[in-house]
Amino acid sequence: MTHAMPAITISLMVDAVKWVKNPDGTHEVHLLDQRALPVRTEFFVCRDHDDMAKGIRDMVVRGAPAIGISAAFGVALGAQSFLRKSLQDAFVPYMEDVSSILAGTRPTAVNLFWAIQRMRPFWEKGSRQTAPEITEGLFKEAQRIKEEDIHLNRRMGGHGQELIRDGSTILTHCNAGALATGGYGTALGVIRAAVEAGKTIRVFADETRPYLQGARLTAYELVEDGIPTTLITDGMAASLMAMKKIDAVIVGADRVTANGDVANKIGTYGLAVLAKAHGIPFYVAVPFSTIDFDMSSGSQIPIEQRSPDEVTHIGPGVRIAPEGVSVYNPAFDVTPADLVTALITEKGVFKPSELRSKAF
Ligand code: MRU
322 MTHAMPAITI SLMVDAVKWV KNPDGTHEVH LLDQRALPVR TEFFVCRDHD
372 DMAKGIRDMV VRGAPAIGIS AAFGVALGAQ SFLRKSLQDA FVPYMEDVSS
422 ILAGTRPTAV NLFWAIQRMR PFWEKGSRQT APEITEGLFK EAQRIKEEDI
472 HLNRRMGGHG QELIRDGSTI LTHCNAGALA TGGYGTALGV IRAAVEAGKT
522 IRVFADETRP YLQGARLTAY ELVEDGIPTT LITDGMAASL MAMKKIDAVI
572 VGADRVTANG DVANKIGTYG LAVLAKAHGI PFYVAVPFST IDFDMSSGSQ
622 IPIEQRSPDE VTHIGPGVRI APEGVSVYNP AFDVTPADLV TALITEKGVF
672 KPSELRSKAF
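The working numbering applies: residue 322 is where the sequence shown begins, and numbers increase by one.
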């Protein structure tokens, strides 16, 4: 399907993951430090794969597609570090180590593993090329993954915005925007595309306890873009739905399984149940790189458990719970496919049950 050029184009002018070539020929990757947003704009400089692994593990960069893009650049940075070593026949086992270090950072978003796999043919054929040649090829491939992601998000936005009526109020959870992707966003991409199509859209953004991606990142993106946005705490969604203030829920995903089950930020499942109870459509905007056809259902998805400090403290320093209390802090939950009205993908809008037939 082709889409007419929008009258206006909207996209947050920030780059969550930026490839930088130094005058001396070395490469760096600059991650916009999302831990500091929206208060400070700082960059975390990655010079090797260990820096990148730390950046992903410590949430400098987050959001499934952005994690995948970062991991791809991490593979390239790993190859660059090998240039200082002389044992050429050690390159392939070394790159296996690089890949497994990056794969060990966060377990839930499948884009991480998808991107590492996509980089593999570039270093496995190592015997026919020098390490510097392979490194160049890896950086170019990582950049291709990023650019493709932006393109896919715009296609997804084009398909998804057709579902959104002029004057709609959309509820979103966590951050599935430019910061979580190569650019433009998945769920926020659909909202941006609807605005670009000339529709008047209002957004309610869940703050997204405990890590506050909604308050810190989604609200930041939408305010920067001038899209009318109201921030709410997570517990406020139910009463807004009961008051008929929400026309649709749109979220992103970290992994969708072959049957259409959706792992996304903790709290997503509750929103899907609420949406069903109130007769509100619940959409998941997701690129095919987030769909794991090797898993038959959501019960197989590994769910990351994170530090208790994220629940007992606000930010790095302010304690809000007593010492000694036990804490449960899963980063994601699984929404069963039957609660999902439709998956918005770059290939079109599908019911979860149609997904398997779209695996071309
Ligand atoms: O823990 P995070 O911030 O990496 O979790 C991010 C989410 O859950 C997003 O909703 C998801 O990755 C989709 S991003 C397009």
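Here a beta-carbon is modelled for each residue, glycine too, at the ideal position from N, C-alpha and C.
- About 6 angstroms separates the beta carbon of Ile-553 from that of Asp-527, a gap short enough to meet the 8 angstroms contact definition.
- Tyr-415 carries a helical assignment under DSSP once its states are collapsed to helix, strand and coil.
- Nearest C-alpha to Asp-568 among Ser-647, Arg-537, Gly-488 and Arg-513: Gly-488.
- Ala-652 has its CB nearer than 6 angstroms to a heavy atom of the ligand MRU.
- With contacts defined as CB atoms closer than 7 angstroms, Val-419 and His-351 fail to qualify as a contacting pair.
- Under the three-state reduction of DSSP output, Gly-481 falls in the helix class.
- At the C-beta level, Val-607 and Val-577 come within 7 angstroms of one another.
- Between the alpha carbons of Arg-627 and Ile-635 lies a distance of about 14 angstroms.
- When beta bridges are read from the DSSP output, Cys-367 appears opposite Val-350.
- Distances from the alpha-carbon of Gly-547 to those of Arg-523, Ser-560 and Ala-397 put Arg-523 closest.
- Nearest to Ala-392 by C-alpha distance, out of Thr-493, Phe-434 and Met-557, is Phe-434.
- Per DSSP, reduced to three states, the secondary structure at Gln-464 is helical.
- Take the alpha-carbon of Ser-618 and the one of Thr-347: they are about 43 angstroms apart.
- Relative to the Cα of Asp-336, the nearest Cα in the group Leu-500, Met-562 and Gly-519 belongs to Leu-500.
- The three-state reading of DSSP puts Arg-576 in strand, counting E and B together.
- For Tyr-604, no alpha helix (DSSP H) segment is defined; the enclosing uninterrupted segment is the beta strand (DSSP E) at 603-606.
- Ala-584 places its beta carbon 7 angstroms or farther from that of Thr-426.
- For the region 610-637, the continuous alpha helix (DSSP H) assignments of 4+ residues that do not extend past its boundaries occur at 630-633, in sequence order.
- Rounded to the nearest whole angstrom, the C-alpha separation of Tyr-415 and Glu-644 is 43 angstroms.
- Within the chosen limit of 6 angstroms, the ligand MRU does not reach the beta carbon of Arg-465 with any heavy atom.
- In this structure, the C-beta of Lys-586 approaches the ligand MRU to less than 6 angstroms from one of its heavy atoms.
- A residue is called buried when at least 16 other Cβ atoms come within 10 angstroms of its Cβ; Pro-344 does not meet this threshold and is exposed.
- Leu-509 places its beta carbon less than 7 angstroms from that of Gly-498.
- Between the ligand MRU and the CB of Gly-376, the shortest heavy atom gap is not smaller than 6 angstroms.
- Shown here, Pro-442 sits in a helix according to DSSP, grouped into three states.
- Its Cα nearest to that of Arg-513, the residue Ile-491 stands out among Ile-491, Val-381 and Leu-592.
- Around the beta carbon of Ser-610, 16 or more other beta carbons sit within 10 angstroms, so the residue counts as buried.
- With a threshold of 16 other beta carbon atoms within 10 Å, Glu-462 meets it and is buried.
- A Cβ-Cβ distance of about 6 angstroms is found for the pair Val-382 and Val-338, placing them in contact under the 8 angstroms criterion.
- Here the region 449-456 makes no contact with the region 640-659; the two share fewer than three CB pairs at distances below 8 angstroms.
- Rounded to whole angstroms, the Cβ separation of His-494 and Leu-592 is 6 angstroms, and the two are in contact under 8 angstroms.
- The secondary-structure analysis by DSSP pairs Leu-664 across a beta bridge with Val-605 and Phe-671.
- For Val-524, the enclosing beta strand (DSSP E) starts and ends at 523-527.
- Between Gly-389 and Ala-436 the beta-carbon gap is near 4 angstroms, inside 8 angstroms, which marks them as a contact.
- About 16 angstroms separates the beta carbons of Ala-385 and Gly-535, which is beyond the 8 angstroms limit, so they are not a contact pair.
- Take the alpha-carbon of Pro-531 and the one of Val-632: they are about 6 angstroms apart.
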